[in-house]
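First up is the structure itself, then whatever we jot down about it.
Residue numbers (the working numbering): 1 to 451.
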């Protein structure tokens, strides 16, 4: 049996599974978390501790067809000015509940396109956040930057506010692919943006690139990755394009008959992976790559790699606060998500209440299973000793859980008293293996392809 046929026999090319950036996954969130519970969780943060903060800016000048994020188009600054006032009011509301001495270990502005904000708006937002909580020592402030929507003045404002990591979306440099996915962004424009970023002393650069796009071939994938490597990113996310037109209507503009098959998607991923490895990047989890000195590589080697809604992270904070429409916060007690629609979110904040509309309270084995899934996604192994000491689970229970996974993927998983390990040849199956430890029924929701 060939390698591909073995993976096929286990269902890799047919499976639809969660990306497991949370547990439970967002489709299973319910209405048991509202504004009062969210406020209570904020108040329970340990005084003097470090937390992370995510700020969601949903606006884009144009809506890329491939994107399934919560975004909305605007051709003027007026909606953004209104939204900025909402963000400031939400941050001020959060400050009234936040215990004393809390600092920010990570700050991330995502979207949408945060760099649509004018320099003045950026400075205003950064000032409101600084009043909420100062940066902790060694803090990281990252911003998602659209090379088509950035200039010297906006980068000056971000650098002055403390940005020390920039993240650029590439997707693919091929002109036909860009036209098909509604994202025109030349290599020259991207290179100029990177040069402006580096010129301001911002040494940490993230980049996103996609595999599985329409008209993508191994030759085109190779050319795009080589162009990306010429920009010397410190960290790369190699995401599989998730074609979910039932959830993101704009994806209906993308011709499905131009999409590569699941088997071809695996080839595209492997093509890009080999190029990153040949350029001496470390392989991080299932879909990230980083230089040997990057924080992700250091965290992985130390067994401290984590996973959250932005992918992989070296942030060790137990709390992720979130502001903006649709943003999701994480606490030791569970998840809390703001109202997804901008208008609904703004209305609640104007009433002086958080807009928390859904979430999940950890119960039963949630923490145990969530950590097992995270360990698989980050380290490809579950350490039995960690599970016993951290969650008080006995060995018999672990043995039963491990046996279930081993039975589902015969010959692909190594199980011992020390724990469970996924060898390299089985790693394309990682999300499917993680699903075995998911107590919630993934079949009740629609997910993206396993590869």
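We put the CB at the ideal spot given by N, CA and C, even for glycine. These figures come from a predicted structure and were not determined experimentally.
Which listed residue (the options) has its alpha carbon closest to that of residue i
i: residue 138; options: 149, 399, 350 and 106; result: 106
i: residue 448; options: 6, 13 and 3; result: 13
i: residue 358; options: 5, 32 and 9; result: 32
i: residue 85; options: 343, 411 and 295; result: 343
i: residue 313; options: 375, 227, 347 and 268; result: 375
i: residue 453; options: 187, 380 and 225; result: Absent from the structure is residue 453, since the part of the chain shown begins at 1 and ends at 451.
i: residue 62; options: 274, 111 and 39; result: 111
i: residue 303; options: 430, 229, 380 and 77; result: 380
i: residue 17; options: 83, 40 and 431; result: 431
i: residue 297; options: 283, 310, 309 and 287; result: 283
i: residue 177; options: 280, 29 and 213; result: 213
i: residue 418; options: 395, 115, 127 and 184; result: 395
i: residue 191; options: 230, 202, 330 and 201; result: 230
i: residue 407; options: 437, 75, 127 and 160; result: 437
i: residue 116; options: 49, 162 and 155; result: 155
i: residue 78; options: 389, 269 and 60; result: 60
i: residue 269; options: 288, 369, 161 and 388; result: 288
i: residue 453; options: 265, 94, 48 and 168; result: Any property of residue 453 remains undetermined from this structure, which presents the chain solely from 1 to 451.
i: residue 460; options: 93, 202 and 179; result: With the chain represented from 1 up to 451, any question about residue 460 goes unanswered, as that position is not in the structure.
i: residue 42; options: 421, 354 and 428; result: 354
i: residue 29; options: 136, 338 and 388; result: 338
i: residue 428; options: 265, 420 and 87; result: 265
i: residue 56; options: 64, 387, 341 and 236; result: 341
i: residue 452; options: 280, 250, 40 and 124; result: In the structure displayed, the chain extends from 1 to 451; residue 452 sits before or after that span and is not available.
Alpha-carbon spacing of residue i relative to residue j, whole angstroms
i: residue 51; j: residue 121; result: 24 Å
i: residue 210; j: residue 170; result: 8 Å
i: residue 145; j: residue 276; result: 22 Å
i: residue 377; j: residue 285; result: 6 Å
i: residue 134; j: residue 102; result: 8 Å
i: residue 441; j: residue 333; result: 21 Å
i: residue 129; j: residue 109; result: 11 Å
i: residue 403; j: residue 207; result: 38 Å
i: residue 362; j: residue 322; result: 18 Å
i: residue 27; j: residue 360; result: 10 Å
i: residue 240; j: residue 252; result: 18 Å
i: residue 222; j: residue 267; result: 11 Å
i: residue 242; j: residue 181; result: 12 Å
i: residue 315; j: residue 306; result: 7 Å
i: residue 187; j: residue 328; result: 33 Å
i: residue 19; j: residue 262; result: 16 Å
i: residue 415; j: residue 3; result: 21 Å
i: residue 150; j: residue 119; result: 10 Å
i: residue 456; j: residue 247; result: Because the chain spans 1 through 451 in this model, residue 456 falls outside it and cannot be assessed.
i: residue 325; j: residue 5; result: 44 Å
i: residue 397; j: residue 311; result: 29 Å
i: residue 24; j: residue 367; result: 9 Å
i: residue 300; j: residue 132; result: 31 Å
i: residue 410; j: residue 423; result: 13 Å
i: residue 385; j: residue 364; result: 20 Å
i: residue 179; j: residue 232; result: 25 Å
i: residue 393; j: residue 49; result: 28 Å
i: residue 125; j: residue 172; result: 31 Å
Cβ-Cβ distance between residue i and residue j below 7 Å
i: residue 260; j: residue 216; result: yes
i: residue 218; j: residue 174; result: no
i: residue 413; j: residue 400; result: no
i: residue 356; j: residue 34; result: yes
i: residue 238; j: residue 290; result: no
i: residue 383; j: residue 294; result: no
i: residue 38; j: residue 336; result: yes
i: residue 147; j: residue 199; result: no
i: residue 104; j: residue 53; result: yes
i: residue 434; j: residue 373; result: yes
i: residue 450; j: residue 15; result: yes
i: residue 153; j: residue 205; result: no
i: residue 99; j: residue 58; result: no
Contact belief for residue i with residue j at Cβ below 8 Å, rounded distance in angstroms
i: residue 319; j: residue 45; result: 6 Å
i: residue 254; j: residue 89; result: Not confirmed; about 38 Å, so no contact.
i: residue 141; j: residue 162; result: 5 Å
i: residue 309; j: residue 21; result: 5 Å
i: residue 93; j: residue 352; result: 7 Å
Any non-hydrogen atom of the ligand PLP closer than 6 Å to residue i Cβ
i: residue 223; result: Ligands displayed in this structure: none; no statement on the ligand PLP is therefore possible.
Contact with chain B by residue i, beta-carbon distance below 7 Å
i: residue 268; result: This model lacks chain B altogether; it includes just one protein chain.
Output the residue ranges of the alpha helix (DSSP H) runs that lie fully inside the segment 117-171 and measure 4 residues or longer, sorted by chain position.
Within the segment 117-171, the alpha helix (DSSP H) runs of at least 4 residues that lie entirely inside it are, in chain order, 119-132 and 152-161.
Jot down the residue ranges of each uninterrupted alpha helix (DSSP H) in the segment 321-380, minimum 4 residues, whole runs only, in chain order.
342-350 and 366-379
For the segment 171-205, which segments carrying the beta strand (DSSP E) assignment without a break, of at least 3 residues, lie completely within its bounds, in sequence order?
Counting whole runs of 3 or more residues, the segment 171-205 contains no beta strand (DSSP E) stretch at all.
Please list the segments of the beta strand (DSSP E) lying wholly inside the segment 279-306, counting only runs of 3 or more residues, in order along the chain.
Every beta strand (DSSP E) of 3 residues or more that sits fully in the segment 279-306 is shown, in chain order, as 282-284 and 288-290.
What runs of the alpha helix (DSSP H), each 4 residues or longer, lie entirely inside the segment 199-275?
Whole alpha helix (DSSP H) segments, 4+ residues: 218-229.
What are the start and end residues of each continuous alpha helix (DSSP H) run of 4 or more residues lying completely inside the segment 37-120, in chain order?
Qualifying alpha helix (DSSP H) stretches, in chain order: 78-97.
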